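Yeah, the sequence shown ends on 215 if you go by my numbering, and it's all consecutive.
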Amino acid sequence: MLYSLFNNYKRKRNRAKLKDDSFSYLFDEDESGEYVVFDTETTGLNPKVDEILSIGAVKIKDNKILTSETFEVYVKNSKAISSKSIEIHGIRPCDLENAKNSKDAVRDFLEFIGSRPLIGYYLEFDVSMINKYVKPIFGITLPNKMIEVSEIYFEQKIALIPQGNIDLRFDTILKDCSLPNMGAHNAVNDAIMTAMIYLKLTKEKIDVRKTNF
Numbered sequence: 003m004l005y006s007l008f009n010n011y012k013r014k015r016n017r018a019k020l021k022d023d024s025f026s027y028l029f030d031e032d033e034s035g036e037y038v039v040f041d042t043e044t045t046g047l048n049p050k051v052d053e054i055l056s057i058g059a060v061k062i063k064d065n066k067i068l069t070s071e072t073f074e075v076y077v078k079n080s081k082a083i084s085s086k087s088i089e090i091h092g093i094r095p096c097d098l099e100n101a102k103n104s105k106d107a108v109r110d111f112l113e114f115i116g117s118r119p120l121i122g123y124y125l126e127f128d129v130s131m132i133n134k135y136v137k138p139i140f141g142i143t144l145p146n147k148m149i150e151v152s153e154i155y156f157e158q159k160i161a162l163i164p165q166g167n168i169d170l171r172f173d174t175i176l177k178d179c180s181l182p183n184m185g186a187h188n189a190v191n192d193a194i195m196t197a198m199i200y201l202k203l204t205k206e207k208i209d210v211r212k213t214n215f
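In structure tokens form, the structure reads like this:
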């Protein structure tokens with residue numbers, strides 16, 4: 003009960019800091035029955051200094067991955083992209099020539115997610131990267147409920163092999179769940195694969211619409 007009261011208090015404080023009331027819907031109770039799975043591609047792994055290069059997301063509803071409703075945006079960056087990060091996400095400077103500025107990209111993302119619960123793989127990092135842009139623009143941090151797939155996977159595995167060494171790498175979880183690897187690790191593909199993992203771990207029927215592997 004104390005934990006719930008503390009969360010409500012934090013939420014109210016966060017809401018009071020919102021600079022743009024047209025985004026007050028972010029704090030509404032979600033009634034869509036949908037979840038949003040999202041991923042970011044970045045210049046590095048330090049939210050304090052690194053930048054978002056792209057955001058990808060997909061919705062889940064009624065045990066279906068709605069790939070007809072994916073979200074993808076490329077974001078202009080202010081720093082050079084290292085060759086090491088290009089090897090990981092494949093985003094080159096020429097891919098960002100028509101990218102949106104960070105304010106417009108984040109506004110579009112917030113409109114896409116609304117107040118829906120968010121799902122991700124190591125979601126804390128992606129949320130930290132989003133909040134890096136959201137807080138200066140809107141005064142708040144993302145208020146959405148968060149669901150971490152690696153935590154669900156760990157809890158299921160540790161129940162079977164207590165004190166075991168659980169491999170939480172993305173490709174390992176994907177393989178262990180007998181799910182197809184969609185290849186290129188871009189933000190949208192990673193979001194769709196994470197959605198598949200979530201549905202498999204929560205013992206839901208996976209129905210991927212309009213997706214070819």
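Each residue gets a CB set at the ideal place from its N, CA and C atoms; glycine is no exception.
All of these numbers come straight from a predicted model, not from anything done at the bench.
Where does the unbroken alpha helix (DSSP H) through residue i begin, and where does it stop?
i      : result
VAL51  : Segment: none, VAL51 is in no alpha helix (DSSP H) and carries neither H nor E.
SER85  : 85–91
LYS177 : 172–178
PRO138 : 125–140
THR196 : 189–203
Contact check, residue i vs residue j under 8 Å by CB: the rounded distance?
i      : j     : result
ALA197 : ILE62 : 6 Å
ILE194 : ILE67 : 6 Å
Can you tell me where the beta strand (DSSP E) holding residue i begins and where it ends?
i      : result
LEU47  : Unbroken run through LEU47: none, as it is neither H nor E.
THR69  : 66–76
ILE149 : 148–150
Looking at residue j and residue i, is the spacing between their C-beta atoms short of 8 Å?
i      : j      : result
GLU74  : VAL151 : no
LEU203 : ILE154 : yes
VAL39  : GLY122 : yes
GLU53  : THR45  : yes
PHE156 : LEU176 : no
ARG17  : PHE29  : yes
LEU181 : ASN146 : no
ASN10  : LEU201 : no
In its own chain, which residues sit with a C-beta less than 7 Å from the C-beta of residue i, not counting the 5 before and 5 after it?
i      : result
GLU43  : LEU55, SER56, HIS91, ILE93, ASN188 and ALA189
ARG15  : none
PHE140 : LEU20, LYS21, ASP22 and PHE25
SER217 : The question about residue 217 has no answer, for the chain in this structure spans 3 to 215.
TYR27  : GLY116 and SER117
MET184 : ASN191, ILE194, MET195 and PHE215
PHE172 : TYR123
PRO95  : ILE83
LYS205 : none
Report all residues from its chain with a CB closer than 6 Å to the CB of residue i; omit the five preceding and five following residues, and keep chain order.
i      : result
SER80  : none
PRO49  : SER130, MET131 and LYS134
TYR76  : SER56, LEU98 and ALA101
ASP192 : ASP41
LEU125 : MET148 and GLU150
THR213 : At THR213, the pLDDT of 41 sits below 50, so the modelled position is not reliable and the matter cannot be decided from this model.
CYS179 : ILE199 and LYS202
Near residue i, what residues of its chain come up, given a Cβ to Cβ distance below 8 Å and the 5 sequence neighbours on each side ignored?
i      : result
VAL136 : VAL108, LEU112, ILE142, THR143 and LEU144
ASP110 : PHE73, VAL75 and LYS102
GLU31  : SER117
ASP128 : PHE40, ASP41, THR42 and GLY122
LYS105 : TYR135 and ILE139
ARG13  : PHE29 and PRO145
SER84  : THR45 and GLY46
GLY166 : LYS159 and ILE160
GLU71  : VAL60 and LYS61
PHE114 : VAL38, ALA59 and PHE73
Pull up the DSSP beta-bridge partners for residue i, would you.
i      : result
GLY166 : Per DSSP, none; premise fails for GLY166.
ALA59  : PHE40 and PHE73
LEU120 : VAL38 and MET148
LYS2   : Residue coverage of the chain in this structure runs from 3 to 215, which leaves residue 2 outside it and unanswerable.
Beta carbon of residue i: closer than 7 Å to some heavy atom of the ligand ZN?
i      : result
LYS202 : With respect to the ligand ZN, the structure offers nothing, as it holds no ligand at all.
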